[in-house]
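Here the structure is laid out as structure tokens; the discussion comes afterwards.
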Amino acid sequence: MRAAANDLPVPRKPGESLQDWQQRGQALQARYAFAKVALDRGDYSAAAGGFAAILLEEPGFLDTPQLLVKAREGLRAAAADAIESGNKLDAAGDWINALKKYDQAREIDRAVPGLDDAYKRVREKMRSAGTAALRRAKQFDAVGRFAEALSEYEKAVQWLPGDDPQHDAAKTRADQLRARLK
Amino acid sequence: MTRLGWPVVALAAIAIAPLAAQEIGAPAPNEYGRAQKLEVQPFETGNKQIRLEFPKKDWDVVPANSAPVSVPGVTWPIVSIVQKRRDAAIVVEGVRLHQPLAQDDITDLFGELESSAIRERQSLAKDLQAKVVQAGGRRLVIVTYNRPGTAGAERVRQYTIPGGGADLYRLTCSATTAQFARYEAVFAHVAASFTVAGGGTQ
């Protein structure tokens, strides 16, 4: 189906052939429809990307500016939801999954407020808990209670950051104990 | 490894306790510290590695003459110091740990582990109270408990002192319950004077 020239919501560029104009207008309408469907189903990332691309090519295309704002609001809300979920996991002591939620939030909207603080808070808790777990592990290990020691070393490995020298020490000893307890 | 009466709930509580909640306090004066008025004499092992002071009068030394054992988990006797009327005794032993422990590694958990080890060795021990203390530049565990003895009920105070690296020393100080208070200052002095060359300081 070919749109009539005066149905196209796109002004014709100087020197643009009728056919090119029609094709360009139809392509923009198709992308607009795709982005709008994405917005309606809550895929704010796809919607925002689609609307932003349309506006780069044709500023002011239909109600795209308003829909882009709506998509970005949705993105921000989704990121805030992810942070909130992460905070709940943090409160429950599930720091690993809390960080995964924060990663999701960052992928959705890098600029969402509170993200940096949330990362910092959880990582500090993990480092502190990892150090404490390593200390418990050493104490169990010292007196030959290897099963309990292994359990604590594994926590230390999970919680201490990879660049912490204690992380490698905990991992090495955990591997030794795992082999010993087999 | 067998485990008897391990206080799982207590351990779990320690495991989740924040580090700040496990700050180490000083011992009570009657538990640890030199007795200024006590006349003492030194005891030193043959290799001069271990030194302590005990009362000049009315105590006998029974050296063990055994060398340190390098097998982890094995205890070796160092010396026994016995009050002449057999009212009180101090038994000093060493043990090689499976992993070295730094001073900072000694927390309330280690006090619980020491209590657990006492329960394993002495099933009739009761009323165990363990605490980790910081004194004289070192960290140690003090466990006080009761047990039946040959001359009736005994009260015992065990000092667990890291010797640096993988060596740990236990001073088991016992007296009949009725006489314990009389010898408490002696026990406190012996523990405070206990030193390991290149390891635990006073």
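If you read the sequences in order, they're chains R and G. FYI, in the working numbering the residues of the first sequence are 1 to 182. FYI, in the working numbering the residues of the second sequence are 1001 to 1202. A virtual CB, placed ideally from N, CA and C, is assigned to each residue, including glycine.
Is residue i close to chain R? Criterion is C-beta to C-beta, closer than 8 Å.
| i | result |
| --- | --- |
| P1007(G) | With a pLDDT of only 44 at P1007(G), under the threshold of 50, the placement of this residue in the model should not be trusted; the figure read from the coordinates follows. So, not an interface residue. |
| H1189(G) | no |
| F1180(G) | no |
| A1117(G) | yes |
| T1107(G) | yes |
| L1097(G) | yes |
| V1196(G) | no |
| S1193(G) | no |
Against chain G, does residue i count as a neighbour if the rule is that its beta carbon must be under 8 Å from one of theirs?
| i | result |
| --- | --- |
| G144(R) | yes |
| K138(R) | yes |
| R180(R) | no |
| R127(R) | no |
| W159(R) | no |
Determine the chain R residues that contact residue i at a beta-carbon separation under 8 Å, and present them in chain order.
| i | result |
| --- | --- |
| P1072(G) | G144 |
| L1171(G) | The contacting residues do not exist; L1171(G) stays about 17 Å from chain R at best. |
| L1101(G) | K138, Q139, A142 |
Is DSSP giving residue i helix, strand or coil here?
| i | result |
| --- | --- |
| K182(R) | coil |
| T131(R) | helix |
| N97(R) | helix |
| P1063(G) | strand |
| E1044(G) | strand |
| Y153(R) | helix |
| Q158(R) | helix |
| Q1083(G) | strand |
| Y32(R) | helix |
| K1037(G) | coil |
| V1196(G) | strand |
| Q1099(G) | coil |
| A1026(G) | coil |
| K1126(G) | strand |
| E124(R) | helix |
| P165(R) | helix |
| E148(R) | helix |
Determine whether the beta carbon atoms of residue i and residue j lie at a separation below 8 Å.
| i | j | result |
| --- | --- | --- |
| I1081(G) | T1045(G) | no |
| K138(R) | D1105(G) | yes |
| Q1179(G) | D1060(G) | no |
| V112(R) | L1113(G) | no |
| A98(R) | D109(R) | no |
| G1076(G) | P1063(G) | For the sequence presented, residue 1076(G) should be read as Trp rather than Gly. The answer is no: Cβ separation not under 8 Å. |
| L1109(G) | R127(R) | no |
| S1115(G) | A1102(G) | no |
| V1133(G) | A1026(G) | yes |
Quick one: give me the first and last residue of the beta strand (DSSP E) that residue i is part of.
| i | result |
| --- | --- |
| R72(R) | Per DSSP, R72(R) belongs to no beta strand (DSSP E); it is in the alpha helix (DSSP H), 64-91. |
| I1142(G) | 1138-1149 |
| V1190(G) | Taken as a continuous stretch (DSSP letters only), V1190(G) belongs to no beta strand (DSSP E), being part of the alpha helix (DSSP H) at 1180-1193. |
| G1111(G) | Segment 1108-1121 is the alpha helix (DSSP H) holding G1111(G); no beta strand (DSSP E) there. |
| L8(R) | Element bounds for L8(R): n/a, residue is neither H nor E. |
| F1054(G) | 1050-1055 |
| T1176(G) | 1167-1176 |
| V1156(G) | 1152-1162 |
What in chain R is Cβ-close to residue i, meaning under 9 Å?
| i | result |
| --- | --- |
| L1113(G) | Q139, F140, A142, V143, R145 |
Whose Cβ in chain R lies nearer than 7 Å to the Cβ of residue i?
| i | result |
| --- | --- |
| F1110(G) | Q139 |
Chain G partners of residue i, CB-CB under 7 Å?
| i | result |
| --- | --- |
| R135(R) | D1105, T1107 |
So is the beta-carbon of residue i under 7 Å away from any non-hydrogen atom of the ligand HEM?
| i | result |
| --- | --- |
| V1133(G) | The model depicted lacks the ligand HEM and carries no ligand whatsoever. |
What residue range does the alpha helix (DSSP H) around residue i cover?
| i | result |
| --- | --- |
| Y44(R) | 44-57 |
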